[in-house]
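Q: Right, I'll just put the structure down here and ask away after.
Here is the structure:
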């Protein structure tokens with residue numbers, strides 16, 4: 001999870017020695033978790 005944290009706080013993939021496709025995959029995963037979290041905590045109407 002450290003990688004995700006560093007990416008989120010502005011370190012570039014190159015600085016971390018990542019391939020661009022890995023960076024994209026990690027960011028997609030973060031977004032998916034955030035979206036699922038939103039749905040979990042949203043109150044039903």
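Residue numbers (full-length UniProt numbering): 1 to 45.
For every residue, glycine included, the Cβ atom is placed at its ideal position computed from N, Cα and C.
1. When you compare each of 30, 37, 20 to residue 2 by their alpha carbons, which one comes out closest?
2. Which residue marks the beginning of the alpha helix (DSSP H) containing residue 24, and which one marks its end?
3. Report the rounded CA-to-CA distance for residue 18 versus residue 32, giving the unit in angstroms.
A: In short:
1. Checked all of 30, 37, 20; the closest Cα to residue 2 is 30.
2. It spans 20-41 - the alpha helix (DSSP H) in which residue 24 sits, taken as one unbroken run.
3. Rounded to the nearest whole angstrom, the CA to CA distance from residue 18 to residue 32 is 20 angstroms.
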